[in-house]
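Asker: In terms of numbering that gives the first Met the number 0, the sequence shown has 59 at position 60, counting the first letter as 1, and numbering is strictly consecutive. Before we start, here is the structure in question, set down as structure tokens.
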Amino acid sequence: MELPIKDIVLYKTGIGYFQRKGTIKGNSLKLNFRKEMMNDILATLTILTTNSQVTGVSYEGQDIDLQTALEDVLIKLSPQSTFLTLLKQVVGCKISIDISSTKYEGTLLGIQELPIVIEENIVNQQNLVLQKDDDGTILNLPILEIRNFKMLDDKMQGELEYFLQKIYESKKENNKTLTIFFDNVPSDGDEVEINYLQEIPAWKCSYRLVFTEEQVMIQGWSMVDNILDEDWINVNLSLIAGLPISFIYDLYSPNWIKRPEVERKDKYDITVTEFEEAKEEYEKMDKKKAARPPPSPPMAAPAPGAGKFYARAVSPKIADIVEEEAFDMDDEFSMERTSSSVKVTTEGEAEGDFFQYRIGVPITVSRNQSSLVPILQTYVKGQKISVYNEQARKNNPMLTVELENTSDLTLEEGPISLYEGARFTGEAMLPFMKKGEMRRIPYAIDLGVSVEKKLKSYSAKTHSIKIQNRGVYTYNFYIKEFTYTLINKTQDEEKEVIVEHPIESNYELFDTIEPFEKTKNFYRFKLKIDPKKKDELIIKTRYLSSSITNYEYVNKSFIENLLKLKLINETENDFLLKMIKLMHKKNETMSDLNALKSDKNNIFNDQSRLRQNLKSLKATSSETRLRDKYISKLEDEEDKLERIEDAIKSLEIKAIELEEKIKDLIKNHVIEE
Numbered sequence: 000m001e002l003p004i005k006d007i008v009l010y011k012t013g014i015g016y017f018q019r020k021g022t023i024k025g026n027s028l029k030l031n032f033r034k035e036m037m038n039d040i041l042a043t044l045t046i047l048t049t050n051s052q053v054t055g056v057s058y059e060g061q062d063i064d065l066q067t068a069l070e071d072v073l074i075k076l077s078p079q080s081t082f083l084t085l086l087k088q089v090v091g092c093k094i095s096i097d098i099s100s101t102k103y104e105g106t107l108l109g110i111q112e113l114p115i116v117i118e119e120n121i122v123n124q125q126n127l128v129l130q131k132d133d134d135g136t137i138l139n140l141p142i143l144e145i146r147n148f149k150m151l152d153d154k155m156q157g158e159l160e161y162f163l164q165k166i167y168e169s170k171k172e173n174n175k176t177l178t179i180f181f182d183n184v185p186s187d188g189d190e191v192e193i194n195y196l197q198e199i200p201a202w203k204c205s206y207r208l209v210f211t212e213e214q215v216m217i218q219g220w221s222m223v224d225n226i227l228d229e230d231w232i233n234v235n236l237s238l239i240a241g242l243p244i245s246f247i248y249d250l251y252s253p254n255w256i257k258r259p260e261v262e263r264k265d266k267y268d269i270t271v272t273e274f275e276e277a278k279e280e281y282e283k284m285d286k287k288k289a290a291r292p293p294p295s296p297p298m299a300a301p302a303p304g305a306g307k308f309y310a311r312a313v314s315p316k317i318a319d320i321v322e323e324e325a326f327d328m329d330d331e332f333s334m335e336r337t338s339s340s341v342k343v344t345t346e347g348e349a350e351g352d353f354f355q356y357r358i359g360v361p362i363t364v365s366r367n368q369s370s371l372v373p374i375l376q377t378y379v380k381g382q383k384i385s386v387y388n389e390q391a392r393k394n395n396p397m398l399t400v401e402l403e404n405t406s407d408l409t410l411e412e413g414p415i416s417l418y419e420g421a422r423f424t425g426e427a428m429l430p431f432m433k434k435g436e437m438r439r440i441p442y443a444i445d446l447g448v449s450v451e452k453k454l455k456s457y458s459a460k461t462h463s464i465k466i467q468n469r470g471v472y473t474y475n476f477y478i479k480e481f482t483y484t485l486i487n488k489t490q491d492e493e494k495e496v497i498v499e500h501p502i503e504s505n506y507e508l509f510d511t512i513e514p515f516e517k518t519k520n521f522y523r524f525k526l527k528i529d530p531k532k533k534d535e536l537i538i539k540t541r542y543l544s545s546s547i548t549n550y551e552y553v554n555k556s557f558i559e560n561l562l563k564l565k566l567i568n569e570t571e572n573d574f575l576l577k578m579i580k581l582m583h584k585k586n587e588t589m590s591d592l593n594a595l596k597s598d599k600n601n602i603f604n605d606q607s608r609l610r611q612n613l614k615s616l617k618a619t620s621s622e623t624r625l626r627d628k629y630i631s632k633l634e635d636e637e638d639k640l641e642r643i644e645d646a647i648k649s650l651e652i653k654a655i656e657l658e659e660k661i662k663d664l665i666k667n668h669v670i671e672e
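Laid out in structure tokens, this is it:
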């Protein structure tokens, strides 16, 4: 019994939804699947019945070595002498045979060879020894004359069927059989629906775009591959544009869980022990027994079947299920045919981020075959326009079609071939386009237009200044000037060209015509060029850079330059002049202070040297005079050191006062940053 495929839904993620429908007239149904498909089948199989119930599903497990599987089988046949081998293995079993239109039933006692004479030659003839069931007669029957043979022993018949089944399975290692068992199937059969997902090549699509004098026609085809081992005959096909999450989970392989192993205890520390009886204990036990309440009445017998577990899975009935599909097509629209060249009956419906193409007529695809199925043919809005992008091609723009999806369908991504009448003009990739979306699709190089791009970079004069706590900030524009020269080399065709100019970080447009369109990475400018003419597009961008001149480096020439450029006013000029004077005094004070500190260090070093020399002198007359000289010099340097210390303290106080004056000046004239 087979249940044909009626509906197929193919997804872009490499999976397919299959629906089988039909009438069953037995208690089981077998389906064959490839081994690699079993995980998907076990994860997604759904069975719906009308009147019967599903009692279980069995399937062939992982591959087992044939020799291992047949190790304990009672019947094993040899391809060379199958009949004789079978007879030898059923000795002792009840059999039925036909010889010369006579039927014999009985127990097979064995096989023996008897010599006979054939044309004066003695040959051994193999005979079957049978004990008849009706009268116990033992017969010696020639095996060569047996026409029919049947085993009457059910167990041995089952062993034979098991052997043959395993031999068959070994010949189809990549195919697995799944058996569905039913109960309460009506005599006239029952309607059954089986649904599941399985891996299958993702569907693909391609398009053809034809330019006529007045209109643009688009034609779409889908490509589906039937890799299954059965034909798709008159199936309803739907194609889903979208990316639902799908994965493979290993349900087919046996899941062995490693358990901890506990060591068996073989010895126990138990010895024979005897306890002395106590008369008082027996007396207490007798009293407790007498005080017990009467026993409860016996428990009632369970209801019939109450203690049984039924493993029957009652499946829902189709009649009781709300007729609602994942993509409800009751409100589907029918796309009108725009041309009689290809009959397109595709219907589409958007569902969130998914879109379904439902082929309006059943299709047939033979096993291991592929098919082109038309999904779209209609007129859309489109016009040709050239687009220049230096990254795509340096000297020429690209011919593009500005295509708007005015159809009622979402267009899935795919290659597209373009034609002008009967002339092929190029190929491109059509991006994913929803209804109403517009995209420019490049398909050829426009050799009728040449483009030259030049760049000139320079820095403008100081744009502005800002006086802050740390110093004077000057702001300058770094300018890039791009010149695009476009030449229309055609004789009689006006060219409309879009120039894509890259957007640079921190740069802004200025003194340039407004772009008609802006993307994340490009400005877009549109130009029209007459035949045999040229045009220029000048694009200026600028970047505002800043630098700081600390107050200690500000001088009169710097201030005069700012005045000349009219970047500062009189108040700011007075502030900067006062700052110059204070900074000059501060620098002089710090210079004097550093000089005194240097003298102080020199005296310290000289005194250290003199003290070392004094330590090495002895108590002689000549060295006494030298000691007096060193001591006198140390006294003079000590006086000088005191004067330097006083001067340093005075200059440090002056430096602090100047620093405070500078801070006050900045505070009174500078706006906080």
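Each residue gets a CB set at the ideal place from its N, CA and C atoms; glycine is no exception.
Helix, strand or coil: which one does DSSP assign to residue 512?
Answerer: coil
Asker: Which of helix, strand or coil does DSSP assign to residue 201?
Answerer: Annotated three-state conformation of residue 201 is coil, per DSSP.
Asker: Within this structure, are the beta carbons of residue 432 and residue 404 separated by less than 8 Å?
Answerer: yes
Asker: Where does residue 446 sit, in a helix, a strand or coil, going by DSSP?
Answerer: Coil.
Asker: Can you grab the Cα-Cα spacing for the pair residue 332 / residue 236, in whole Å?
Answerer: In this prediction, residue 332 has a pLDDT of 28, which is less than 50 and means its spatial position is unreliable; what the coordinates show is noted afterwards. Taking the straight line from one Cα to the other gives about 16 Å.
Asker: Along the alpha helix (DSSP H) that carries residue 556, what are the first and last residues, could you check?
Answerer: 555 to 563
Asker: Quick one: what does DSSP say residue 251 is sitting in, helix, strand or coil?
Answerer: coil
Asker: Pairing CB atoms from the region 128 to 138 with CB atoms from the region 181 to 189, are three or more of them under 8 Å?
Answerer: no
Asker: Who are the Cβ neighbours of residue 225 in its own chain at under 8 Å, not counting the five residues just before and after it?
Answerer: 231, 364, 365, 366, 367, 368, 369, 370
Asker: By the DSSP assignment, the beta strand (DSSP E) with residue 51 in it spans what residues?
Answerer: Looking at the DSSP string, residue 51 is not in any beta strand (DSSP E), and its letter there is neither H nor E.
Asker: Report the option in 358, 413, 180, 665 whose CA atom is closest to the CA atom of residue 24.
Answerer: 180
Asker: Which runs of the beta strand (DSSP E) spanning at least 3 residues fall entirely within the region 160 to 192, listed in chain order?
Answerer: Segments of the beta strand (DSSP E) lying fully in the region 160 to 192: 174 to 182.
Asker: When we look at the beta-carbon of residue 248 and count the other beta-carbons within 10 Å, is it buried (16 or more) or exposed?
Answerer: Its Cβ having fewer than 16 others within 10 Å, residue 248 is exposed.
Asker: Check the C-beta distance from residue 69 over to residue 75 and give it rounded, since I have them as a contact under 8 Å.
Answerer: 6 Å
Asker: Measuring CA to CA, which of 665, 170, 654 is closest to residue 591?
Answerer: When C-alpha distances from residue 591 are compared across 665, 170, 654, the shortest belongs to 654.
Asker: Return the Cβ separation of residue 418 and residue 209 in integer angstroms, given the expectation that the two are a contact with Cβ distance under 8 Å.
Answerer: 5 Å
Asker: Does DSSP classify residue 584 as helix, strand or coil?
Answerer: Reduced to three states, the DSSP call for residue 584 is helix.
Asker: Residue 544 to residue 661, Cα distance in whole Å?
Answerer: 28 Å
Asker: Closer than 8 Å by C-beta to residue 420: which residues in its own chain qualify, once you throw out the five before and the five after it? Chain order, please.
Answerer: 209, 210, 211
Asker: Can you tell me where the beta strand (DSSP E) with residue 354 in it begins and where it stops?
Answerer: 353 to 358
Asker: Put residue 227 into one of helix, strand or coil per three-state DSSP.
Answerer: In the structure shown, residue 227 sits in coil (DSSP, three-state: anything other than H, G, I, E or B).
Asker: Quickly, what does DSSP pair residue 33 with across the bridge? List them, please.
Answerer: 174
Asker: Could you round the C-beta distance between residue 542 and residue 506 to whole angstroms and report it? I think they count as a contact, below 8 Å.
Answerer: 5 Å
Asker: Name the DSSP bridge partner or partners of residue 6?
Answerer: 18, 235
Asker: Can you tell me whether residue 487 is buried or exposed, with buried defined as 16 or more other CB within 10 angstroms of its CB?
Answerer: Per the 10 Å Cβ criterion, buried.
Asker: Would you list the residues sitting across from residue 506 in a DSSP beta bridge?
Answerer: BP columns for residue 506 are empty, so no partner.
Asker: Can you look up residue 603 in the DSSP assignment and give me helix, strand or coil?
Answerer: If DSSP states are grouped into helix, strand and coil, residue 603 belongs with the helices.
Asker: For a quick check, are the C-beta atoms of residue 673 and residue 537 less than 8 Å apart?
Answerer: No answer is possible for residue 673: it lies beyond the span of the chain, which begins at 0 and ends at 672.
Asker: Span of the alpha helix (DSSP H) holding residue 83?
Answerer: 81 to 88
Asker: Given a threshold of 16 other Cβ atoms within 10 Å of its Cβ, counted over all protein chains shown, does residue 504 qualify as buried or as exposed?
Answerer: exposed
Asker: Counting pairs of beta carbons, one from the region 396 to 410 and one from the region 451 to 462, are three or more of them closer than 8 Å?
Answerer: By the Cβ rule, the region 396 to 410 does not count as touching the region 451 to 462, because fewer than three pairs are nearer than 8 Å.
Asker: Using DSSP with H/G/I as helix, E/B as strand and the rest coil, what is residue 491?
Answerer: coil
Asker: Could you tell me whether the region 568 to 586 touches the region 620 to 638, where touching means 3 or more Cβ pairs closer than 8 Å?
Answerer: no
Asker: Check whether the Cβ atoms of residue 162 and residue 94 lie closer than 8 Å to each other.
Answerer: no
Asker: Roughly how many whole angstroms lie between the Cα atoms of residue 379 and residue 215?
Answerer: 6 Å
Asker: How many whole angstroms separate the CB atoms of residue 217 and residue 377, which I take to be in contact at a CB cut-off of 8 Å?
Answerer: 6 Å
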